[in-house]
Amino acid sequence: MLNPVIIMYIIQEGVDAVDSKYTQAFHDLGPLVVSPQSGTYKDLAAWTDIALDSPPCQDFGFNNPRFPIYIKSYNVTAQKIAYDLYASAVSGANNTYTNSIFMFEDYATGGVRALDTSATAFGFRQDLILAAPLIIYEPTDKARDTAVGQLGNKLREIIREGTGSTEVHSYVNYAYGNEGPKGWYGYETWRQDRLKALKKKYDAKGKFSFYGPIA
């Protein structure tokens, strides 16, 4: 039985080789493959398979829904539960979901978090990690679409439960669509009001309301 492959991208700015204090623990696990590379910021997309010619960015006729959630820290217990469910759903050579991906993105965010959370309209400034199951599949019928939605939402719900919060903080560019304005832009009423006012001021005719609109 084919199982999901775990890939780690460890990237450090301003050096030709990542400091071993960040990588040694992963080397100690005995990975199947280690692929050191050096380049510029322009190479990041290709390294992480999100360049224009990377497989996830091609139009092969597949559906590619994501189920994103921002979190403040890793919860190993929740991740293990989510991994087990994900593995059982996508494993196998002939599995219709075999091209799927479950990403955890963790970037340096010191500058982002240095701003007070009330200084701008962005609602999730203190969240450090973006978890995002991406279920890639060939569309066939409504039943399959429904099954994918149930799987992706369940994976996200497991991660949310691990945060101890009732809120789903979602990256709007990956949003599945069922999160709602609070999940996309922040739960505070004042933040929603501020965004709606900006929307009314700069897009009074609603020309840009086709995806995840605040109003």
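Just so we're aligned, residue 1 is where the sequence shown starts under UniProt numbering, counting upward by one. Positions of the beta carbon are idealized from the N, C-alpha and C atoms, including for glycine. Since we're looking at a predicted model, the values are computed, not measured.
Notebook entry, point to check: Quick one: what's got a C-beta closer than 6 Å to Ser-38's C-beta in the same chain, skipping five residues either side?
Noted result: Excluding the 5 residues flanking it on each side, Ser-38 has same chain C-beta neighbours closer than 6 Å at Asp-16, in chain order.
Notebook entry, point to check: Per DSSP, which one or two residues make a beta bridge with Phe-102?
Noted result: The beta-bridge partner set that DSSP reports for Phe-102 consists of Pro-133.
Margin query: According to DSSP, is Arg-66 part of a helix, a strand, or is it coil?
Written below: Secondary structure at Arg-66: strand, using DSSP grouped into helix, strand and coil.
Next item on the list: Would you grab the beta carbon distance between Arg-156 and Pro-133 for me? Rounded to a whole angstrom, and I think it's under 8 Å.
Entry: That pair is a contact at about 7 Å.
Note to self: So Gly-183 and Ser-170 are supposed to be a Cβ contact under 8 Å. How far apart are they, rounded?
What the structure shows: Between Ser-170 and Gly-183 the Cβ distance is about 4 Å, and since that is below 8 Å, they are a contact.
Check: According to the neighbour-count rule (16 or more other Cβ atoms, all chains shown, within 10 Å of its Cβ), is Leu-115 buried or exposed?
Finding: With fewer than 16 other Cβ atoms from the protein chains shown falling within 10 Å of its own Cβ, Leu-115 counts as exposed.
Next item on the list: Decide if Pro-55 is buried, meaning its Cβ has at least 16 other Cβ atoms within 10 Å, or exposed.
Entry: Residue environment for Pro-55: exposed (fewer than 16 other C-beta atoms within 10 angstroms of its C-beta).
Next item on the list: Please report how far the alpha carbon of Tyr-176 lies from the alpha carbon of Phe-210, in whole angstroms.
Entry: Each residue's Cα considered, the two are about 14 Å apart.
Next item on the list: Under 8 Å by Cβ, that's how I've got Leu-130 and Thr-109 pegged, so tell me the actual separation to the nearest angstrom.
Entry: Wrong, their Cβ atoms sit about 10 Å apart, outside the cutoff.
Notebook entry, point to check: Which runs of the alpha helix (DSSP H) spanning at least 4 residues fall entirely within the region 120–164, listed in chain order?
Noted result: Considered as a whole, the region 120–164 harbours 142–163 as its complete alpha helix (DSSP H) runs of no fewer than 4 residues, in chain order.
Check: What is the rounded straight-line gap between the Cα of Gln-150 and the Cα of Phe-102?
Finding: Approximately 15 Å between the Cα atoms of the pair.
Notebook entry, point to check: Of all the options Gly-61, Glu-13, Phe-208, Met-8, which has the alpha carbon lying nearest to the alpha carbon of Phe-26?
Noted result: Distances from the alpha-carbon of Phe-26 to those of Gly-61, Glu-13, Phe-208, Met-8 put Met-8 closest.
Margin query: Can you tell me which residues form a DSSP beta bridge with Ile-71?
Written below: Residue pairing by DSSP places Ile-71 opposite Ile-129 in a beta bridge.
Margin query: What does the alpha-carbon distance come out to for the pair Ser-100 and Tyr-137?
Written below: Annotation: Ser-100 to Tyr-137 spans about 8 Å, alpha carbon to alpha carbon.
Notebook entry, point to check: Between Pro-68, Gly-111, Thr-117, Val-5, which lies nearest to Glu-105 when the distance is taken from Cα to Cα?
Noted result: Considering only alpha carbons, the answer is Pro-68.
Checklist line | Where Pro-65 falls, given that 16 or more other Cβ within 10 Å makes a residue buried | finding: Classification for Pro-65: buried.
Next item on the list: Note down the Cα distance separating Asn-141 from Tyr-86, rounded to an integer number of angstroms.
Entry: One point to set straight first is that residue 141 is Asp, not Asn, in the sequence displayed. Roughly 22 Å separates the two Cα atoms.
Next item on the list: Could you say which of Gly-111, Ala-121, Ile-135 lies nearest to Tyr-174 if we only look at CA atoms?
Entry: Minimum Cα distance to Tyr-174 is reached at Ile-135.
Next item on the list: Indicate the three-state DSSP secondary structure (helix, strand or coil) for Lys-196 in the structure shown.
Entry: If DSSP states are grouped into helix, strand and coil, Lys-196 belongs with the helices.
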